[in-house]
Amino acid sequence: MLFTCVRGLFPLLFVSLLCVSLQAQPLRLYTEEYPPINFSKNGEPTGLATEVVQAIMQRTGQSVPISVVPWARGYQLALTRANTGLFVTMRTREREQLFKWVGPITRNVTSFYALRRSFLSIKSLDDAREYGEIAVPRDWYSHQRLLAEGFSNLAPVTGPAQMVSMLKRGRVKLMVLDNLSLNALLAQGDIQADEVQLLFNYMHSDSYIAFSQQTDDALISRWQRELDTMKIDGSFAAIHQKWLPGVPLPPLAPGPGPEL
Numbered sequence: 006m007l008f009t010c011v012r013g014l015f016p017l018l019f020v021s022l023l024c025v026s027l028q029a030q031p032l033r034l035y036t037e038e039y040p041p042i043n044f045s046k047n048g049e050p051t052g053l054a055t056e057v058v059q060a061i062m063q064r065t066g067q068s069v070p071i072s073v074v075p076w077a078r079g080y081q082l083a084l085t086r087a088n089t090g091l092f093v094t095m096r097t098r099e100r101e102q103l104f105k106w107v108g109p110i111t112r113n114v115t116s117f118y119a120l121r122r123s124f125l126s127i128k129s130l131d132d133a134r135e136y137g138e139i140a141v142p143r144d145w146y147s148h149q150r151l152l153a154e155g156f157s158n159l160a161p162v163t164g165p166a167q168m169v170s171m172l173k174r175g176r177v178k179l180m181v182l183d184n185l186s187l188n189a190l191l192a193q194g195d196i197q198a199d200e201v202q203l204l205f206n207y208m209h210s211d212s213y214i215a216f217s218q219q220t221d222d223a224l225i226s227r228w229q230r231e232l233d234t235m236k237i238d239g240s241f242a243a244i245h246q247k248w249l250p251g252v253p254l255p256p257l258a259p260g261p262g263p264e265l
């Protein structure tokens, strides 16, 4: 009888130790090269979302280094590691149950773009299937959605800057990008804004800080509360205006955005 009771305690003990281990893991934060929202400058992370995250940490008394990594790597880490955050991450129906969310940080419109001199015309998604490979960052929300739509002519790339470079060199005729990062990425790729044409608005979405499902709910609630406070006291608006002058603020309340 005693042996049976002791043996029955082992699974409970294992689960308890596992929970303690997960909670003891330090918070990790990752972002990507996605100017002006988040990017590196002189080896240091910066940008709109980076400043928002840093402000939240200042308010919560935390000091967590932010690592700038390729998106696909950061995405996998946020999917699989406890106490891991990735920003900014578009909150889409494909991802809704994969993460815990703090936001929104921005509201985006994602579209198909081409060089103006190509004289392409797109009226629907079916039209986009007719123009060869389409450049899209690997594991981005747009990549995942187009795969779900059955697209077989995608050219996944490491990041948005590589996508712009491919368009400039004529390696692809189309790229899929959002309105907030377009001008910064074109300038980075030495392309004039009037050289590129918006062909078709594809999807609307809100960006968030995405945390792994193994992250403590108390941390999520605290970060969301501090972000909401920043939106009320005007500090969020000041950061947003600094990086995206004239662009409307995202909604105050978190929750499924226009895409969900």
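In terms of our numbering, the sequence shown opens at residue 6 and continues consecutively. Heads up, the beta-carbon is just placed ideally off N, CA and C, and yes, glycines get one too.
Check: With DSSP run on the structure shown, which of helix, strand or coil describes Ile225?
Finding: Walking along the sequence shown from the start, residue 225 turns up at place 220. Ile225: helix per DSSP, three-state reduction.
Next item on the list: Could you check how far apart the C-beta atoms of Val74 and Glu37 are, in whole angstroms? I think they sit under 8 Å.
Entry: On the sequence shown, position 69 is the one that residue 74 refers to. On the sequence shown, position 32 is the one that residue 37 refers to. Contact holds; Cβ gap of about 7 Å.
Note to self: Buried or exposed, going by whether 16 or more other CB atoms sit within 10 Å of the CB of Pro142?
What the structure shows: Counted from its first residue, the sequence shown places residue 142 at position 137. It is buried - the Cβ of Pro142 has at least 16 other Cβ atoms within 10 Å.
Next item on the list: Flag this pair as touching only if the segment 173–187 and the segment 79–90 have three or more C-beta atom pairs under 8 Å; answer yes or no.
Entry: no
Margin query: My parser needs the beta strand (DSSP E) runs of 3 or more residues fully inside the segment 108–175; what are they?
Written below: 139–142, 159–162
Check: What first and last residue would you give for the beta strand (DSSP E) that runs through Asn206?
Finding: Translated into positions along the sequence shown, residue 206 becomes position 201. Residues 201–217.
Next item on the list: Determine the closest residue to Lys128 out of Asn206, Val252, Arg122, with distance taken between C-alpha atoms.
Entry: One-based indexing of the sequence shown puts residue 128 at position 123. Taking only the C-alpha atoms, the option nearest Lys128 is Asn206.
Next item on the list: Give a yes or no on whether the C-beta atoms belonging to Ile71 and Val58 are separated by under 9 Å.
Entry: Position 66 of the sequence shown holds residue 71. Position 53 of the sequence shown holds residue 58. Taking 9 Å as the Cβ cut-off, Ile71 and Val58 qualify as a contacting pair.
Next item on the list: For Ile214, collect the residues of the same chain with a Cβ closer than 8 Å to its Cβ; drop the 5 residues on either side in sequence, then sort them by chain order.
Entry: Position 209 of the sequence shown, counting from 1, holds the residue named residue 214. Excluding positions up to five away in sequence, the list reads Ala54, Val58, Gly90, Leu91, Phe92, Val93, Thr94, Trp106, Val107, Gly108, Ile110, Trp228.
Next item on the list: Leaving aside the five residues before and after Ala136 along the sequence, list all residues of the same chain whose C-beta is less than 7 Å from its C-beta, in chain order.
Entry: One-based indexing of the sequence shown puts residue 136 at position 131. First, the amino acid is wrong: residue 136 is Tyr here, not Ala. Excluding sequence neighbours, Tyr136 sits near Leu125, Lys178, Leu179.
Next item on the list: Below 7 Å CB to CB, which residues in the same chain sit around Ala87 once its five sequence neighbours on both sides are set aside?
Entry: Looking up residue 87 in the sequence shown gives position 82. Correct list, in chain order: Leu27, Gln30, Ser217, Gln219, Thr220.
Notebook entry, point to check: Does DSSP classify Ser21 as helix, strand or coil?
Noted result: As a working mapping, residue 21 is identified with position 16 in the sequence shown. Caution applies to Ser21, whose pLDDT of 43 falls short of 50 and renders its modelled position unreliable; the model cannot decide the point.
Notebook entry, point to check: Once you ignore the five residues that flank Ala166 on each side, which residues in its own chain have a CB closer than 8 Å to its CB?
Noted result: Within the sequence shown, residue 166 is the residue found at index 161, counting from 1. For Ala166, where only same-chain residues beyond five positions count, the Cβ hits under 8 Å are Glu38, Leu190, Gln193, Gly194.
Next item on the list: Assign Arg98 to buried or exposed, taking buried as 16 or more other Cβ atoms, counted over all protein chains shown, within 10 Å of its Cβ.
Entry: Looking up residue 98 in the sequence shown gives position 93. Counting Cβ neighbours within 10 Å, Arg98 comes out exposed, since fewer than 16 surround it.
Check: Name the DSSP bridge partner or partners of Trp106?
Finding: As a first step, residue 106 is located in the sequence shown; it is residue number 101 there, counting from the start. DSSP output for Trp106 lists Ala215 as bridge partner(s).
Note to self: Which residue wins for smallest C-alpha separation from Ala119, given the options Gln149, Gly175, Asp131, Pro161?
What the structure shows: By 1-based counting over the sequence shown, the position of residue 119 is 114. Here the closest residue by C-alpha is Gly175.
Checklist line | Own chain partners of Pro253 with C-beta closer than 8 Å, once the 5 adjacent residues on each side are dropped | finding: Locating residue 253 in the sequence shown gives position 248, counting from the first residue. Cβ neighbours of Pro253 beyond the five flanking positions: Arg112.
Check: Under three-state DSSP, which class holds Ile61?
Finding: In the sequence shown, residue 61 corresponds to position 56, counting from 1. Note: Ile61 maps to helix in three-state DSSP.
Notebook entry, point to check: How is Arg33 classed by DSSP in three states: helix, strand or coil?
Noted result: For the purposes of this step, residue 33 is taken as the residue at position 28 of the sequence shown. Here Arg33 sits in strand by DSSP.
Checklist line | Between the CA atoms of Lys236 and Ser226 - distance to the nearest angstrom | finding: For the purposes of this step, residue 226 is taken as residue 221 along the sequence shown, with counting starting at 1. For the purposes of this step, residue 236 is taken as residue 231 along the sequence shown, with counting starting at 1. Distance between the alpha carbons of Ser226 and Lys236: 15 Å.
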